[in-house]
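For the first sequence, counting from 1, position 98 maps to 420 in the working numbering; every step adds exactly one.
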Amino acid sequence: MLPKGPYNPQEEEPKILIFWLDNKFYKPEYDPDKDKVVSFEEMLKDKRPTFCIINPPPNAYGRPHLGNVSGYAYQDLLLRYYRMKGYKVYGQPGKDHAGIQGEIVVLREYFRPQGKFKANMTRDEFYRETYEYFMKIKEQAKKDEQRIGLSSDFDRDVFTLDPEIVDIVLDTFIKLYRDGYVYKGVRIVNWCPSCQTALADIDTEPKERSTDFVYIKYPLIPEDANIFELKLPYADLDSLQKNKKLNIDLSLLGNQKNKIKINDFVILEASEPEYHKMRLPSLVANIKEDKVELKPLDSSFWQAKYPLLIGTSSKFKQGLFKSQLEDLGLKIITVDKPLEIREGETSLIENAKAKALAYSKAYPNALVIANDGGAEIPYLGKKWNKVLTKRLVGGDKASYKERAQALLELMKDVPKDKRTVYWEGAYAVALNGEILFAKSYKEEPGIITTKLHPGIEKSTGDWLGYIWYYPQLEKYSFELTDSDKVKLNWAIIQFKKDLLAFLFEKGIINYVTVATTRPETMLGDTAVVVNPDDIRYQALIGRKVLLPLVWRPIPIITDPIVDKNLGTGALKLTPAHAYEDYQIMLNWNKNTKKDPDAQIDYINVIDKQAKIVGPTGKYFGLSTTEAKEQVVKDLQALKLVSKIETKKQFVQVCERCKTVIEPQMSSQWFIDVSQIKKPAIEVVEKGEIKIHPKNMTKVYLDWMYNLRDWPISRSLWWGYRFPVWYKGKVEEKIDENGKVITYIDGTPVKDFKEAEEKGLAKISKKSPGKGWIQSDYVFDTWFSSGQWPFATLMKFKLFDKFYPTQVMETGYDILKWWVSRMVMLGLYRTGKIPFEHVYLHGLIKSFDGQKMSKSKGNVVYPHELIEKYGADVLRLFYIVGNKAGANYQITHDKLEGNKRFLNKLWNASKFVLFNIEEVKDKLPQLKPQELKLSADDKKMVKEVDKIAERVKKYIESFKFGIIAVDLRQHFWEIFCDWYLEIVKPRLYTKDKNGNPIEYDKDDRLAAQWTLYYALQKYLKILHPYIPFITERIWQEMPKGKGDHRSLMFSRWE
RNA sequence: GGGCAGGUAGCUCAGCUGGUUAGAGCACUCGGUUUACAUCCGAGAGGUCACAGGUUCGAGUCCUGUCCUGCCCACCA
């Protein structure tokens, strides 16, 4: 009998848990038919179809949080469902060492109280102690998993750093290396100059500071100028600077000497004995027979020479933008009396053309932009606009009069409220008396809103365009066109989106101004980057600028990531010391693979002590702070600083010591994913792996399509150490060209392959012998956890039996990080998909509706809720009404409601059990057709069978949360409120006062059987949702065919 | 800036490939019951399905645009 009173989960749930654990129901070796644990071999031979879920391993050092536990509810629901369906079920639990996070936590919470730090420990000591500590502490996480009812095989609970797992993971690395998918390359890393270590992004934190934003002018090298580079004795350079003149021998130019002409550039480079380099740009002033006279350049050389702009708009006339233009060294010609060619038989576009031609005649060297506009035409909505277009035969070519006529006619047919008005205008651009292009535009319905036409922003794919002048807005903008039809040799300057001016290239733009918060890194600049759609710089793409101070020609390249509106829209590229610059370099080099000359490189100018190194001349050896001051000072002396602003900026600082991170180049290990990602994309595209919810498939595929080579090495102690050995000490140094060079035992090596060939390095799991030193790097956590599905199953020799697994259930937030890697590495290592379905659950919002976070103080721990409500209530909260990928909020109402449901189930069961007590044992053997079932009984049976069928359908399509609402309601309303109430009179054998009453025995038995049948069915379909209470009630229920002493193994049908 | 999701009752959310009168839980109002139910049952009220167009015999559902919210990614040179 069930105990009296309301259901008490704190009392009942632990008993059930012990019942399950003691009987080892969770083990795959448990055979329900024999009701015992059979041998491993016997289990392997079992013919039942398999169903396997690998439980995502939580961090070993902490207790699983509300999110982890939600996962277990879903995983366990599936495990239990398929177990009851007769599958051979296996759940693989595990605990994660959690890489960097694990290391931080153990240092803080375990070692620091003992006065131990990485500085006063050996690596082995640290690893051993941490391992032991984790082994101990991970038991708590395991208990939490069991408490929620997760029916996985806890005898096979495994740690990610388990030696056998490590072995399998390292084998994968070695296989990747042998197959040529692993390489060691130089890459930018977060370097903490104080801790002297590379840091993962997660170990850095943003800090706001205010800093100087320096605008530096990089002189543009004229297109037709040759550039020669010459190495000279230092003394010669010195004399050049002093005397402003130098004669050098033509023969120094070698076979290029015939090319040189006056006004060419010669960049002179001289080295001091101690490695400092001095570079100075000079102009060829005079060529004698065997000598060249060189003149050093000063900044005045780059000044602009002549104006070339004419605008016809009122803004020019008013002298607006004057200062900006003059800042560029331009003079502006304004036209006092603009031509008025209007009306008559001329169309807008003809007007514009006529204007442009007239002006260009007057100013033969000017590029003329002429506009004409102001025609008002009605806007009629979509439908009417079509009519309008049709009636306006001739379109642009129609004259004003024709147009006005047609519009007036049309207006009559248009409903009044739709008669709004838009503007029409035209543009023409002329040069040397010739029209370059012309176009009319129609835009802005009605009273013009404050917005520009959306097409303007969208169509910035080309550089040629049309000016649009919005009279009512007093604004200019432009529209771009197909540029391959018209090729012009000029650029367009745009000020703050408002003014557009077309400028001749030659002699006008003679600087490219870049803005930077880190002027000292310009010493390592290798390019200037502009947005490919930025019309201002179109004519400059592919040209070169001369990097001041170090006087190195660097190219102007493009990348869409560059923000046109930030700073000057031109970005100085220092790939060695800015993460984003580094990415731009990679992209650029990838896109210009076929053209080796276009490739750009890095120059590392800051070393691990934050000192200036590399080819930096007089700045060599300065600290970054000193260098910054000096560089700005020197640039100002050259008049190459146009302005300095103060800017608020976020910098990354070291999480531990708060030192500003100094990004720089360092040698790291990579996986070349270009090949191995292909099958991982294919299996998802083909639907061999299905992702729930479906829309996450796109997220996965987008991520995979764009996946770049994966850096897998980390400078940590806690993790899988690389199976890489060096014969001697490994050092990294920056050479005089700013390149990172690795030295093994003093010998410089180009790359790892070379080191291996020279016998200085080896890939091996064990030490190759005395004197060999193992690499300091450990693997990125995702490299190991990406192998979790097959590594765990291989360890337990269950691979053949259970791989591929059926479901991977995890939070959608790690789809990209974890799921993608499991698919990729699983396919690579085993040739098979790791799982058939990916079910992604949503995140849980706290009681206040916000995302849980420690800083907000709204974190809810699952064990708190379990203590108060029990595991079943929490499981219902996770499941009921929720769907894949959707976030949901925890509320007390939901928890209370679930508690009430359990109580209802408990009481209804008590009622049923009490009323079937004396016929309990024979009920399962009775056949419905032999019973005197009433219409209500039959209806009840039908109803419960129906809901069971629906639940089955929904669970198998991963919609168990949605159907749970119906199931709960079904039990409550159909079984409790309806059937139980109407069946009562048929069950009573006594009246209110306890006196016996007459009753029909057969009818009563029919009712009793129906009660029994419905309840056992409900218990079964409810079991995957609320295993504890259903199992507890099951213990009191009579058992029939297909029933097991544990509800867990009783068959659904 | 790019991407994804969402906007439905007072609150938290369902509503699959378009199809009667748009649903559930909680909260609310009224009535009843206490031989399973520190309760439960019955009844009721409450919605321009964000907004504007469109497709259709028919739109919460499909298309276009707009607004708002949340999340993810990137970036702040």
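All C-beta atoms, glycine included, are put in the ideal place defined by N, C-alpha and C.
Since the model is a prediction, treat every value here as computed from it, not as a measurement.
Item	Value
I998 by DSSP, collapsed to three states: which one?	helix
At the level of alpha carbons, what is the spacing between R1197 and R531?	46 Å
How big is the Cα-Cα spacing for G384 and I1238?	48 Å
Put P354 into one of helix, strand or coil per three-state DSSP.	coil
Going by C-alpha to C-alpha distance, which of G1041, L1217, L1327 and W1094 sits closest to D446?	G1041
Hey, could you find the ends of the beta strand (DSSP E) D1057 is sitting in?	Looking at the DSSP string, D1057 is not in any beta strand (DSSP E), and its letter there is neither H nor E.
With a threshold of 8 Å, are at least 3 pairs of Cβ atoms found where one atom belongs to the segment 372 to 392 and the other to the segment 1124 to 1134?	yes
Looking at S473 and R370, is the spacing between their C-beta atoms short of 8 Å?	no
Straight-line CA distance for D418 to I1296?	46 Å
Using DSSP with H/G/I as helix, E/B as strand and the rest coil, what is T946?	helix
Between which two residues does the beta strand (DSSP E) containing V1071 stretch?	T1069 to V1071
So if DSSP puts L1162 in a beta bridge, which residue, or which two residues, is it bridged to?	T1132
According to DSSP, what are the bridge partners of N381?	D418
Using a 10 Å radius around the Cβ and a threshold of 16 neighbouring Cβ atoms, would you call W812 buried or exposed?	In this predicted model, W812 has a pLDDT of only 29, less than 50, meaning its place in the structure is not dependable; the value taken from the coordinates is given anyway. W812 is buried by the Cβ-count criterion.
What's the call for H1214, buried or exposed, on a 16-neighbour Cβ count within 10 Å?	exposed
Report the three-state DSSP secondary structure of N911 (helix, strand or coil).	helix
Short check: CB of I1201 to CB of A395, under 8 Å?	yes
Taking the straight line between their C-alpha atoms, what separation do you get for V1376 and F942?	This structure does not reach residue 1376, given that the chain is present from 323 up to 1375, and the question cannot be answered.
If you count every other CB in all the chains shown that lies within 10 Å of the CB of E486, and 16 or more means buried, which is it?	exposed
Am I right that Y1099 and F1044 are in contact with their C-beta atoms under 8 Å? What's the rounded C-beta distance?	5 Å
If you compare alpha carbons, which of V836, P1250, D923 and P875 is closest to L893?	V836
Measure from the alpha carbon of L1253 to the alpha carbon of each residue in T1332, L498, V1287 and Y1276, then state which is nearest.	T1332
Contact between the segment 1016 to 1036 and the segment 454 to 463: three or more CB pairs below 8 Å?	no
On the criterion of 16 or more Cβ atoms from any shown chain inside 10 Å, does E591 qualify as buried, or is it exposed?	buried
Taking 7 Å as the cut-off, is the CB of K1072 close to at least one heavy atom of the ligand PLP?	Ligands are entirely absent from the displayed structure, and the ligand PLP is therefore not among its contents.
For R874, write down the residues that DSSP places opposite it in a beta bridge.	L869
Any chance the segment 1108 to 1119 sits against the segment 1145 to 1165, with 3 or more Cβ pairs inside 8 Å?	yes
List the DSSP bridge partners of M1174.	Note: M1174 sits in no beta bridge, so no partner.
Within the same chain, show all residues whose beta-carbon is closer than 7 Å to that of I1085, passing over the 5 residues directly before and after it, in chain order.	I496, Y499, P1045 and V1046
Label S573 either buried or exposed according to how many other C-beta atoms from any shown protein chain fall within 10 Å of its C-beta, with 16 as the threshold for buried.	exposed
Please work out which residues of its chain come closer than 8 Å, Cβ to Cβ, to D312, disregarding the five sequence neighbours upstream and downstream, and give them in chain order.	With the chain running from 323 to 1375 in the structure shown, residue 312 is simply not present.
In three-state DSSP terms, what is W1047?	strand
Going by CA-CA distance only, name the one from N548, V1305 and I549 that's closest to K1260.	V1305
In terms of residue numbering, what span does the alpha helix (DSSP H) encompassing G1219 cover?	H1214 to I1238
Once the 5 residues before and after P1015 are set aside, which same chain residues still bring their CB inside 6 Å of it?	A1206 and G1207
Does the contact criterion of 3 or more C-beta pairs under 8 Å hold for the segment 416 to 436 versus the segment 1353 to 1369?	no
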